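Reviewing the structure listed below.
Number of protein chains: 2
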Amino acid sequence: MTSDIPDIVIGRLPIYLRELTRLAEEEGRINTSSHELGKRLGISSAQIRKDLSHFGEFGKQGTGYHINYLIEKLREILHLTNEWDVALVGAGYLGHALAHYHGFEHRGFRISWIFDNDPTKIGEQMDQLIVLDVTKMEQVIQEQHIKVAVIAVPANYAQEITDRLVAVGVRSILSYAPIHLNVPRGVEISYSDPVIQLQRMTYYLP
Amino acid sequence: MTSDIPDIVIGRLPIYLRELTRLAEEEGRINTSSHELGKRLGISSAQIRKDLSHFGEFGKQGTGYHINYLIEKLREILHLTNEWDVALVGAGYLGHALAHYHGFEHRGFRISWIFDNDPTKIGEQMDQLIVLDVTKMEQVIQEQHIKVAVIAVPANYAQEITDRLVAVGVRSILSYAPIHLNVPRGVEISYSDPVIQLQRMTYYLP
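Order-wise, the sequence lines are chains H and Y. This note's numbering puts the first residue of the first sequence at 59, with every later residue one more than the last. This note's numbering puts the first residue of the second sequence at 59, with every later residue one more than the last.
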């Protein structure tokens with residue numbers, strides 16, 4: 059039904075959701091407008107209206123958007139009405155940071171399992187979790203029906219871990235490994251590599 | 059001269075550079091083609107040729123690209139021929155992970171300074187660096203002519219830190235704070251928020 063909506067539109071919805079949540083929770087606001095939202099996000103109000111129009115009519119002429127209603131609708135559209143259990147692979151410095159990051163809460167995700175292959179890390183407590191042996195990864199993911207994973211392993215392990223995750227049903231992967239990964243159709247992958255982002259910006263530096 | 063090249067093209071150049079470096083350093087390869095590069099990156103060969111054609115003629119009919127030559131050219135285009143000193147603000151779990159991340163090396167960046175406002179963190183050693191008091195941030199950045207910064211502070215500090223960085227000459231900022239930040243024209247900003255990336259992907263999950 060909505061498969062013809064450009065991915066770039068889908069990619070902006072979480073940004074709208076984050077800002078709306080901020081407006082409601084931290085500023086106690088009830089209503090907003092595409093104009094105000096656009097100004098706060100550096101996006102044109104026309105773009106915001108066009109993006110949201112793919113999914114229905116959310117605003118009213120004059121009063122704009124009811125924030126909590128729009129938050130609820132965006133959470134439905136993005137499939138965030140229940141929390142997704144996330145498997146985190148890699149318990150190094152970055153895995154440690156992710157395990158302790160409380161920004162997942164109330165935003166649709168919960169890191170529920172952490173795996174590593176290093177005997178000195180297996181059994182270690184990270185926030186509320188215990189690091190498990192990566193040899194148990196497939197079994198846990200299948201039993202718990204986990205669909206979302208975060209990879210924080212060195213580049214030379216990343217493809218193998220990806221293949222193993224996909225084989226047992228993971229369908230969304232966020233990878234911090236600085237390498238392109240191959241996944242079959244039907245699996246979404248997203249990357250986070252700070253150097254890639256920094257290099258794009260230094261192009262513009264004199 | 060090159061200001062009319064779309065930002066989306068600039069954003070792909072670091073990905074080409076990373077894969078070319080991988081081909082040369084880990085696989086000992088001398089030449090490649092837009093076809094091979096595209097296949098490895100899931101990008102069409104026509105797109106790669108078109109992107110590179112903005113900057114000159116890098117390939118030869120038949121032999122394709124000389125990898126080390128193309129690496130050198132891409133490093134020039136992206137202003138990576140010298141290493142940029144980077145100021146890291148925030149020495150929490152994430153700052154810790156970034157300070158210990160060796161993926162910046164040989165890719166144009168060196169985290170040279172770390173700042174925090176927490177007395178229990180100031181003076182702490184992280185990898186080769188000592189965490190400095192954030193009250194010294196402006197002075198160090200001006201004296202060292204630092205243009206690139208990474209922000210790993212909580213959301214409610216991020217705009218203040220951004221303003222202070224920009225005021226003393228920082229022109230490229232990578233922010234891990236889960237909030238949109240306002241910067242003046244001429245300053246580049248890039249964001250890393252794992253939840254934003256995960257939420258885009260769960261849209262596609264049944």
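Beta carbons: idealized from backbone N, C-alpha and C, even for Gly. Values in this document were obtained by computation on a predicted structure and should not be read as measured data.
Residues of its chain near residue i, where Cβ-Cβ distance is below 6 Å and the 5 sequence neighbours each way are ignored
| i | result |
| --- | --- |
| SER91(Y) | GLY122 |
| LEU75(H) | LEU132 |
| LEU110(H) | PHE116 |
| VAL189(H) | ALA149, ILE172, ASP174, LYS179, ILE180 and GLU182 |
| ILE204(Y) | ASP143 and ALA145 |
| ARG107(H) | SER92 |
| ASP62(H) | none |
| GLN105(H) | none |
| VAL198(Y) | TRP171 |
| LEU223(Y) | ALA207 |
Cutoff 7 Å; reference residue i; Cβ partners in own chain excluding five residues on either side
| i | result |
| --- | --- |
| ALA82(H) | ILE125, ASN126 and ILE129 |
| MET59(H) | For MET59(H), the pLDDT reaches just 43, beneath the cut-off of 50, and the residue's location in the model is therefore unreliable, although a value from the coordinates is still provided. Taken in chain order, the list of residues that qualify is empty. |
| SER103(Y) | SER92, HIS93 and GLY96 |
| LEU239(H) | ALA216, GLN217, THR220, SER233 and ILE247 |
| ARG98(H) | GLU77 |
| GLU141(H) | GLY166, PHE167 and ARG168 |
| THR79(Y) | ILE129 |
| ASP65(Y) | none |
When the options are compared against residue i, the one with the closest alpha-carbon
| i | options | result |
| --- | --- | --- |
| ILE237(H) | ALA225(H), SER250(H) and VAL226(H) | SER250(H) |
| GLY120(H) | ASP176(H), TRP171(H) and ASN89(H) | ASN89(H) |
| HIS154(H) | TRP171(H), THR79(H) and LYS118(H) | TRP171(H) |
| THR260(H) | GLY181(Y), ALA225(Y), VAL206(Y) and HIS164(Y) | VAL206(Y) |
| GLU201(H) | ASP143(H), GLY69(H) and LEU263(H) | ASP143(H) |
| LEU194(Y) | PHE173(Y), LYS179(Y), HIS203(Y) and GLU141(Y) | Correcting the residue identity first, residue 194(Y) is Lys in this sequence and not Leu. The shortest C-alpha separation from LYS194(Y) is found at PHE173(Y). |
| VAL192(Y) | LYS179(Y), ILE204(Y) and ARG107(Y) | LYS179(Y) |
| GLY166(H) | ILE66(H), THR79(H), LEU138(H) and ILE68(H) | LEU138(H) |
| PRO252(H) | PRO177(H), ARG98(H), ASN140(H) and LEU152(H) | LEU152(H) |
| ILE101(H) | VAL67(H), GLU85(H) and GLU84(H) | VAL67(H) |
| GLY227(Y) | ILE231(H), PRO264(H) and VAL208(H) | PRO264(H) |
| ARG258(H) | GLN257(Y), GLN105(Y) and SER230(Y) | SER230(Y) |
| GLU163(Y) | TYR262(H), LEU256(H), GLY69(H) and PRO64(H) | LEU256(H) |
| ALA235(Y) | ILE254(H), ILE73(H) and GLU85(H) | ILE73(H) |
| GLU196(H) | PRO177(H), ALA225(H) and ASP176(H) | ALA225(H) |
Residues of its chain near residue i, where Cβ-Cβ distance is below 8 Å and the 5 sequence neighbours each way are ignored
| i | result |
| --- | --- |
| GLU131(H) | One point to set straight first is that residue 131(H) is Lys, not Glu, in the sequence displayed. Excluding positions up to five away in sequence, the list reads PHE113, GLY114 and PHE116. |
| LEU71(H) | ASP109, LEU132, ILE135 and LEU136 |
| ARG87(H) | LEU81 and ILE125 |
Residue-chain proximity (residue i, chain C), Cβ-Cβ < 7 Å
| i | result |
| --- | --- |
| MET184(H) | In summary, chain C is missing from the structure at hand, where the protein chains are H and Y. |
When the Cβ atoms of the segment 146–155 of chain Y are set against those of the segment 210–219 of chain Y, are three or more pairs found closer than 8 Å? Counting Cβ pairs under 8 Å, three or more are found: they touch.
Segment contact, 8 Å Cβ cut-off, at least three pairs: the segment 149–168 of chain Y with the segment 181–199 of chain Y: Counting Cβ pairs under 8 Å, three or more are found: they touch.
Does the contact criterion of 3 or more C-beta pairs under 8 Å hold for the segment 218–228 of chain H versus the segment 227–244 of chain Y? With a cut-off of 8 Å, the segment 227–244 of chain Y and the segment 218–228 of chain H do not count as touching, because too few Cβ pairs lie within range.
Run through the segment 88–145 of chain Y for me and flag every whole alpha helix (DSSP H) of 4 or more residues, listed as ranges in chain order. Whole alpha helix (DSSP H) segments, 4+ residues: 92–99, 103–111 and 125–135.
Continuous alpha helix (DSSP H) assignments of at least 4 residues falling wholly in the segment 142–208 of chain Y: Those alpha helix (DSSP H) runs which fall completely within the segment 142–208 of chain Y and span 4+ residues are 151–158 and 195–202.
Can you list, in chain order, the residues of the segment 71–103 of chain H whose Cβ is nearer than 8 Å to any Cβ on chain Y? If the cut-off is 8 Å between Cβ atoms, the segment 71–103 of chain H has LEU71, PRO72, ILE73, LEU75, ARG76, GLU77, ARG80, ARG98, LEU99 and GLY100 near chain Y.
Listed in chain order, which residues of the segment 240–257 of chain H have Cβ atoms closer than 7 Å to some Cβ of chain Y? Correct list: GLU246, SER248, SER250, PRO252, VAL253, ILE254, GLN255, LEU256 and GLN257.
Give me the subset of the segment 147–163 of chain H whose CB atoms are less than 9 Å from a CB atom of chain Y, sorted by chain position. Going along the segment 147–163 of chain H in chain order, one finds GLY150, TYR151, LEU152, GLY153, HIS154, ALA155, LEU156, ALA157, HIS158, TYR159, GLY161 and PHE162 with a Cβ nearer than 9 Å to chain Y.
At a CB distance below 7 Å, what residues from the segment 192–207 of chain H approach chain Y? Give them in sequence order. Result list: LYS205 and VAL206.
Using a Cβ-Cβ cutoff of 8 Å, what residues of the segment 111–125 of chain Y are near chain H? List them in chain order. If the cut-off is 8 Å between Cβ atoms, the segment 111–125 of chain Y has nothing near chain H.
Taking only runs of the beta strand (DSSP E) that begin and end inside the segment 206–252 of chain Y, which ones reach a length of at least 3 residues, in chain order? 206–209, 230–233 and 246–249, all fully within the segment 206–252 of chain Y.
Chain-ordered residues of the segment 134–147 of chain Y with a beta carbon less than 8 Å from chain H: Of all residues in the segment 134–147 of chain Y, ILE135, LEU136, HIS137, LEU138, TRP142 and VAL144 have a Cβ within less than 8 Å of some Cβ in chain H.
By the 7 Å beta-carbon criterion, what residues does the segment 163–174 of chain Y contribute toward chain H? Cβ contacts with chain H come from ARG165, GLY166 and PHE167.
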